[in-house]
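There are 2 protein chains.
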Amino acid sequence: MASATVEDYLKHIYLLEQADMDNPVAMGRLATTVGVAPGTATAMIKTLANAHLVDYEPRGGVRLTSTGQQMALHVVRRHRLVELLLVEVLSLDWSLVHHEAEQLEHAISDIVLEKIDALLGYPTVDPHGDPIPTAKGHLKYVQPVSLTDCKPGQQGRIARVSDQDTQFLQFAERHRLTPGMGITIDAYDKYGDAVTVSPKHCDSVTLGTNAASKIFVALSKKS
Amino acid sequence: MASATVEDYLKHIYLLEQADMDNPVAMGRLATTVGVAPGTATAMIKTLANAHLVDYEPRGGVRLTSTGQQMALHVVRRHRLVELLLVEVLSLDWSLVHHEAEQLEHAISDIVLEKIDALLGYPTVDPHGDPIPTAKGHLKYVQPVSLTDCKPGQQGRIARVSDQDTQFLQFAERHRLTPGMGITIDAYDKYGDAVTVSPKHCDSVTLGTNAASKIFVALSKKS
DNA sequence: ATTTTTATTTTGTCTATCCAAAATTCCGGT
DNA sequence: ACCGGAATTTTGGATAGACAAAATAAAAAT
Ligand SMILES: [Mn+2]
Ligand SMILES: [Mn+2]
Ligand SMILES: [Mn+2]
Ligand SMILES: [Mn+2]
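Quick look at the structure:
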């Protein structure tokens, strides 16, 4: 069995690869993400490379092998199903579940995982709108459109909020910017660096493009 | 924060003290229970003694300090609430939950724990009939009567099945010897080493005293 | 009172992670 | 072609846990 430490490395490599168009992950970035000193990451990556879980070119970065990716997806699946369980069954706040799942993802057996999956009705996305890999490691990866890519007048519903920071999530919740919510793009000021949106039946909000880039929407057919 | 390893030591010391009338726990017994070599236990106990979590007399055994006991009870609370969650909410089999809880007990935060407690309706006993400590570490410790102390003709209901072995629990389940079940003691043959009981509306079973001693009943007022 | 047996502690080693700081490599700008 | 700085790797050292086997103390048996 992989240790919690190894599982976290694999998961983070996966997420970083994903977020950067499948380019190999730089050591510095990985170290920061995992929260260790650079040398620590280098040492660990050598171990993972020996176990054929990653491909590693010194100074060229890391990338998962298919075995490594499979393991990473399994961790991601546990993480996201746990998040959903915490929100749906235990009524834990949306903004807190990521932190809790960070531990629980390493303590859930396959048996329990499948029970959770069944109880939740085999869901496909977690509370932040991130897709949940299947037991076989398949993942429907539909990248919705970022708010920064929307034009004024367009409508849709929020599909994903891609930041796990509690503060940010609380902000989003306060302004009803949560997955599923229907919204209208009111204005987009490229030079003023701001996007204004109106969640259905709620007050409109103006976001800096920094924040707006973390919110993704599925646009309605006709704009 | 205490590591999972430390938490397990504290929990097992607590359970062993409990099971042996508050006598100090012998190192050998502790080592076996925790599943490590004797020397490993000795080393760990020295660490725990330094942290004032146990009192330790070389060659005299260990016992928890009140701080240690408080921490142990907190682990036991998590363990038992998780067991109940697994059975009640996730429909996991009675005989498997102990094993699963062994990992999960170290990954549940206080916030999540209280949510579980609330969801289950503030229960007082776990699926095996073991009492659940309160958040403040209080524990109603009602030791019911073992089957081996019952007389033929007596009636009652099963209160506790005190063994975590999956095989034994499956056996118990197969014969309806699970907490809550009403039973009648049919015969007790001290020299033949056997007890025969009838679960309500089910076939009677004959148990060796070894097995019978693990099953506790709350006797009905009138026998 | 010895001797034998058993339980416990010591000692010597290992592995997995981690950090700090020194050494190296590489890349971009001159 | 060369230099400086950023990223990365090496090196040296720490800590938590764990095992095996030798040493010791305590208990039991003779
Ligand atoms: Mn994690
Ligand atoms: Mn999520
Ligand atoms: Mn445990
Ligand atoms: Mn139990």
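Those protein sequence lines, which keep their order, are chains P and H.
By the numbering used here, the letter at position 68 of the first sequence is numbered 68, and the numbering carries on one by one without gaps.
By the numbering used here, the letter at position 158 of the second sequence is numbered 1158, and the numbering carries on one by one without gaps.
Beta carbons: idealized from backbone N, C-alpha and C, even for Gly.
Chain-ordered chain H contacts of residue i [CB-CB under 7 angstroms]
{"i": "Ile116 (chain P)", "result": "Leu1090"}
{"i": "Val36 (chain P)", "result": "Ordered by position in chain H, no residue passes the 7 angstroms Cβ test against Val36 (chain P), which lies about 18 angstroms from the chain."}
{"i": "Glu100 (chain P)", "result": "Ser1109, Val1112"}
CB-CB length for residue i against residue j, believed under 8 angstroms
{"i": "Leu85 (chain P)", "j": "Leu139 (chain P)", "result": "Not quite, the Cβ-Cβ distance comes to about 19 angstroms (not below 8 angstroms), so this is no contact."}
{"i": "Thr199 (chain P)", "j": "Leu169 (chain P)", "result": "Correcting the residue identity first, residue 199 (chain P) is Pro in this sequence and not Thr. That pair is no contact at about 15 angstroms."}
{"i": "Pro1058 (chain H)", "j": "Trp1094 (chain H)", "result": "In fact, because the Cβ distance is near 41 angstroms, the residues do not count as touching under 8 angstroms."}
{"i": "Cys150 (chain P)", "j": "Ile185 (chain P)", "result": "5 angstroms"}
{"i": "Tyr14 (chain P)", "j": "Leu48 (chain P)", "result": "Not a contact, Cβ separation roughly 12 angstroms."}
{"i": "Ala107 (chain P)", "j": "Ala1107 (chain H)", "result": "4 angstroms"}
Segment limits, beta strand (DSSP E) that includes residue i
{"i": "Ala1194 (chain H)", "result": "1194-1199"}
{"i": "Gly1208 (chain H)", "result": "1205-1208"}
{"i": "Tyr1188 (chain H)", "result": "1182-1189"}
{"i": "Leu16 (chain P)", "result": "Premise fails: Leu16 (chain P) lies in the alpha helix (DSSP H), 4-19, not in any beta strand (DSSP E)."}
{"i": "Leu219 (chain P)", "result": "215-219"}
Where residue i meets chain H, residues with beta-carbon distance less than 8 angstroms
{"i": "Gln167 (chain P)", "result": "Neighbours of Gln167 (chain P) on chain H: none; closest Cβ ~17 angstroms, over 8 angstroms."}
Residues that residue i contacts on chain H, provided the C-beta gap is smaller than 9 angstroms
{"i": "Leu119 (chain P)", "result": "Val1089, Leu1090, Ser1091"}
{"i": "Leu86 (chain P)", "result": "Val1112, Lys1115"}
Neighbour list for residue i in chain P, Cβ cutoff strictly below 9 angstroms
{"i": "His1106 (chain H)", "result": "Gln103, Ala107"}
Beta-carbon neighbours of residue i, restricted to chain P and to distances below 8 angstroms
{"i": "Val1205 (chain H)", "result": "Those do not exist, as Val1205 (chain H) stays about 28 angstroms from chain P at its closest Cβ, beyond 8 angstroms."}
{"i": "Leu1096 (chain H)", "result": "Ile111"}
Unbroken alpha helix (DSSP H) run spanning residue i, endpoints
{"i": "Thr178 (chain P)", "result": "Run containing Thr178 (chain P): none; DSSP gives neither H nor E here."}
{"i": "Leu96 (chain P)", "result": "Per DSSP, Leu96 (chain P) belongs to no alpha helix (DSSP H) and is neither H nor E."}
{"i": "Ala1037 (chain H)", "result": "Where Ala1037 (chain H) is concerned, there is no enclosing alpha helix (DSSP H), given that its DSSP letter is neither H nor E."}
Any 3 or more C-beta pairs closer than 8 angstroms across the stretch 183-196 of chain P and the stretch 206-221 of chain P: Taking a cut-off of 8 angstroms on C-beta distances, the stretch 183-196 of chain P touches the stretch 206-221 of chain P, as three or more cross pairs fall below it.
Three CB pairs or more closer than 8 angstroms across the stretch 1116-1133 of chain H and the stretch 1072-1087 of chain H: Short answer: they touch.
Alpha helix (DSSP H) runs wholly inside the stretch 1103-1163 of chain H, at least 4 long, in chain order: Counting only runs of 4 or more, we get 1110-1119.
Whole runs of the beta strand (DSSP E) within the stretch 41-89 of chain P, excluding any shorter than 3 residues: Those beta strand (DSSP E) runs which fall completely within the stretch 41-89 of chain P and span 3+ residues are 54-57, 61-64.
Validate contact between the stretch 40-57 of chain P and the stretch 9-16 of chain P using beta carbons, cut 8 angstroms, 3 pairs: Remark: three or more beta-carbon pairs, one from each stretch, lie closer than 8 angstroms, so the stretch 40-57 of chain P and the stretch 9-16 of chain P are flagged as touching.
Stretch-stretch touch, CB-based, cutoff 8 angstroms, three pairs: the stretch 1105-1122 of chain H with the stretch 1146-1161 of chain H: The stretch 1105-1122 of chain H and the stretch 1146-1161 of chain H do not touch, with fewer than 3 CB-CB distances between them shorter than 8 angstroms.
At least 3 beta-carbon pairs within less than 8 angstroms: the stretch 92-109 of chain P vs the stretch 59-73 of chain P: With a cut-off of 8 angstroms, the stretch 59-73 of chain P and the stretch 92-109 of chain P do not count as touching, because too few Cβ pairs lie within range.
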